[in-house]
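Its first residue numbered 1, the sequence shown is counted upward by one per residue in the UniProt record's numbering.
One structure below.
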Amino acid sequence: MKEPQKSYTVKEATIKLMQFCAYRDRSQKEVEDKLREMNMIQAAQEQIIMELMQEDFLNEERFARSFVRGKFRIKKWGKIKIKQELKFKDISAPIIKLALTEIDQQKYIATLYEVAEKKLRLLKEPDSFKKKRKLVDFLLRKGYESVLVYEAANELLE
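Here's what the structure looks like:
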């Protein structure tokens, strides 16, 4: 038998969501999903989201900027993949554009080459055409722009 779902007052839910947002930056979509999970009515959801924004627990720009920094620095994702993930989290195009300025272009290119060189060392493909194809596919899946990917692949496989 399923346990009955705990019900929350607006104050309890607000405190719980403040903790949820304090743990790490969250998108508004994540907060809305959490509120739905807690079975909060629409009016209460809107009130809680407004309070979280006013108290600066919820800030889409800050979330997007930290998301960009993290995915680039830790997962070494390219801008295309980062942009897709932010769109998936319902972040607006102007905020995505602003957040992507967190990536230094020289570091971006250096990271692309670092990722490409590491992948090349792992590829045990004798055929140079297939090796290049595998490298290019890998870098495109990582979210790097095709122009940069082909430039790097051509340079590394000369």
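Think of the CB as a built atom: it goes at the ideal place given N, C-alpha and C, for glycine as much as any other residue.
None of the values given here were measured: they were computed from a predicted structure.
{"Item": "Closest Cα partner of residue 130 within the set 24, 153, 11, 27", "Value": "153"}
{"Item": "For residue 70, the first and last residue of its enclosing alpha helix (DSSP H)", "Value": "60-73"}
{"Item": "Where the alpha helix (DSSP H) containing residue 91 begins and where it ends", "Value": "Premise fails: residue 91 is in no alpha helix (DSSP H) and is neither H nor E."}
{"Item": "DSSP three-state assignment for residue 24, whether helix, strand or coil", "Value": "coil"}
{"Item": "Proximity to residue 195 [Cα-Cα], best of 29, 45, 30", "Value": "As displayed, the chain neither begins before 1 nor continues past 158, which places residue 195 out of reach and without an answer."}
{"Item": "Selected residue, minimal CA-CA separation from residue 51, among 142, 157, 16", "Value": "16"}
{"Item": "Residue 137 burial status per 10 Å Cβ neighbour count (16 or more: buried)", "Value": "exposed"}
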